[in-house]
Every structure is written in C-alpha cells, then in structure tokens.
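Protein chains in written order, with the working numbering: chain F, 12 to 124; chain X, 824 to 934. Glycine included, each C-beta is placed from N, C-alpha and C at the ideal position. Below is one structure; the comments refer to it alone.
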Amino acid sequence: DSGVTQTPKHLITATGQRVTLRCSPRSGDLSVYWYQQSLDQGLQFLIQYYNGEERAKGNILERFSAQQFPDLHSELNLSSLELGDSALYFCASSVEGQGTEQYFGPGTRLTVT
Amino acid sequence: AQSVAQPEDQVNVAEGNPLTVKCTYSVSGNPYLFWYVQYPNRGLQFLLKYITGDNLVKGSYGFEAEFNKSQTSFHLKKPSALVSDSALYFCADAYGQNFVFGPGTRLSVLP
Numbered sequence: 012d013s014g015v016t017q018t019p020k021h022l023i024t025a026t027g028q029r030v031t032l033r034c035s036p037r038s039g040d041l042s043v044y045w046y047q048q049s050l051d052q053g054l055q056f057l058i059q060y061y062n063g064e065e066r067a068k069g070n071i072l073e074r075f076s077a078q079q080f081p082d083l084h085s086e087l088n089l090s091s092l093e094l095g096d097s098a099l100y101f102c103a104s105s106v107e108g109q110g111t112e113q114y115f116g117p118g119t120r121l122t123v124t
Numbered sequence: 824a825q826s827v828a829q830p831e832d833q834v835n836v837a838e839g840n841p842l843t844v845k846c847t848y849s850v851s852g853n854p855y856l857f858w859y860v861q862y863p864n865r866g867l868q869f870l871l872k873y874i875t876g877d878n879l880v881k882g883s884y885g886f887e888a889e890f891n892k893s894q895t896s897f898h899l900k901k902p903s904a905l906v907s908d909s910a911l912y913f914c915a916d917a918y919g920q921n922f923v924f925g926p927g928t929r930l931s932v933l934p
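Written out as structure tokens, the structure reads:
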C-alpha cells in the first residue's frame, strides 16, 4: 500500500458527461501528479500541483482541469467526455525535491460509453 | 526534451534464470532515473532509483539496476527470476519534479 488513495475505483459514464476523480496524497507529501494510462498512449503526465498551486502541465486537454485543496487532496475534472478518454487515471504524490520518487495510487478506471 | 526508451515490448525468461529489462535515456544534464513495476489492476510501485554515486543501485524484491553513462542506459536486473516477477516494468527519467516514462516492458517469467 503506497499510502495514496483514489476514488472511485471504477467509473462508467456516457459521452458528453463530466466526472470528478479524487486523490488523497501520502501523509506529508505536498506534490500531487495526475497521469493517464491508455493502451495506445502509455503513461502520460497530465498535471502537477504543489501545495495548492499548479506547478507543471503536461499533455492535459482543455476539457480537463484539476485543483489541489488546502487539505492537499486533489481532484481531476474531466468534461465533455469522449470515447477516447476511457483509460486508467493515476494520481501520485511525492515530497518536494529533485530526484524524489513518486508514489502511485491504485488508479481510477474510467469507461466512456 | 527528455525521452526514455525501452527497446523490448516483451521479455520472457525461465524461472531461476537471470533477467534484464533494458532502458536508455536521452542526454540532458544529470539524469535521475527510476524503475517502477505495475502488477495487473494496480498502480505503479517504486523499485529503485539512481541519483548519483555508485553505478549499481539495489532496490526492492532483489532487483538492481546498473547506470552506464557512456551508453546512456539504466538496465534493470535480477540474478534469479521468480514467476511472481511477471509484470509490466517502467523506466522513468525525472527532470525537475516531472517524470518521463518509457513505454513499458512486459516481463513474463515462465515456470
């Protein structure tokens, strides 16, 4: 158990809908990262937050947004969902500092029908 | 831009034999290199990392990795494979706080 929790584990929704994925980082970790894992794209970095502030952006679509709250949990919002958004979404957390490892949550499997 | 290559999609090895999963990275400053393992329907688990120092890094579950600067490689190794090592393995290079992951290598250890 990495100490990172994600809810829900599974989500099935229809195209055009909006969903929110939730992540709680390990105790003491200020950085939260979101990744998308799909069969054809591999593991793609989406966005990073550090202590409530956006720190870095990766391949995140405009339809997606995220935030980190004062209690350090984070939410990833996915809107106007398309079939191609079906994937595993992972959250990871780490302490601050270059070269520190990230600890991953169990993921949320999103299926868009 | 940083990039990480894992030249083998699949590696098959017999139980008890040594295993190697290959990784090469693009050169840009000092690399911070990591190996992660992913079991089915699970998140990625940290195995080991190279930051600086000894080129041979030891990690969890008996795995080790060798950093080779001249070949820009960071291959994952284990002296004696177990069936339970069968999983998806990812190499990653960190720049700043962000990770670039390789495409993954599926390891199958055959009994």
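{"Asked": "Could you check the C-alpha separation between threonine 26(F) and glycine 95(F) for me, to the nearest Å?", "Found": "10 Å"}
{"Asked": "Within 10 angstroms of the Cβ of tyrosine 862(X), are there 16 or more other Cβ atoms? Answer buried if so, exposed if not.", "Found": "exposed"}
{"Asked": "Leaving out the 5 sequence neighbours to the left and right, which residues in its chain are closer than 6 Å to alanine 917(X) when beta-carbon positions are compared?", "Found": "Tyr855"}
{"Asked": "So if I threshold CB-CB distances at 7 Å, which residues from the segment 870 to 893 of chain X count as touching chain F?", "Found": "Lys872, Ile874"}
{"Asked": "Measuring alpha carbon to alpha carbon, tell me which residue in Lys901(X), Phe886(X), Pro926(X), Val827(X) is nearest serine 849(X).", "Found": "Val827(X)"}
{"Asked": "Quick one, which of Val123(F), Leu83(F), Gln55(F), Leu50(F) has its alpha-carbon nearest serine 15(F)'s?", "Found": "Just to set this straight, residue 15(F) is valine in the shown sequence, not serine. When only C-alpha atoms are compared, the closest one is Leu83(F)."}
{"Asked": "Give the DSSP-derived three-state secondary structure of leucine 94(F) in the structure shown.", "Found": "helix"}
{"Asked": "Could you tell me the alpha carbon to alpha carbon distance between serine 49(F) and alanine 98(F), rounded to whole angstroms?", "Found": "5 Å"}
{"Asked": "Given 8 Å as the limit, is there contact between the segment 883 to 894 of chain X and the segment 60 to 68 of chain F, that is, 3 or more CB pairs closer than that?", "Found": "no"}
{"Asked": "So, for asparagine 835(X): in the same chain, excluding its five sequence neighbours on each side, which residues have a beta-carbon less than 7 Å away from its beta-carbon?", "Found": "Ser931, Leu933"}
{"Asked": "Any idea if valine 923(X) is buried or exposed, counting beta-carbon neighbours within 10 angstroms, 16 or more meaning buried?", "Found": "buried"}
{"Asked": "Which class does glycine 885(X) belong to by DSSP, given the choice of helix, strand or coil?", "Found": "helix"}
{"Asked": "Check whether the segment 896 to 913 of chain X and the segment 860 to 880 of chain X are in contact - that is, three or more C-beta pairs closer than 8 Å.", "Found": "yes"}
{"Asked": "Please report the distance separating the alpha-carbon of serine 896(X) from that of alanine 915(X).", "Found": "11 Å"}
{"Asked": "Looking at chain X, which residues of the segment 107 to 120 of chain F have a Cβ within less than 7 Å of any of its Cβ atoms?", "Found": "Gln109, Gly110, Glu112, Gln113, Tyr114, Phe115, Gly116, Pro117, Gly118"}
{"Asked": "Please confirm whether alanine 67(F) has its beta-carbon closer than 9 Å to some beta-carbon of chain X.", "Found": "yes"}
{"Asked": "Of the choices Gln825(X), Leu905(X), Glu831(X), Leu879(X), whose alpha-carbon is the least far from that of proline 841(X)?", "Found": "Leu905(X)"}
{"Asked": "Under a Cβ-count criterion, where at least 16 other Cβ atoms within 10 Å of its own Cβ denotes burial, should phenylalanine 80(F) be classed as buried or exposed?", "Found": "exposed"}
{"Asked": "Three-state secondary structure (DSSP) at valine 906(X)?", "Found": "helix"}
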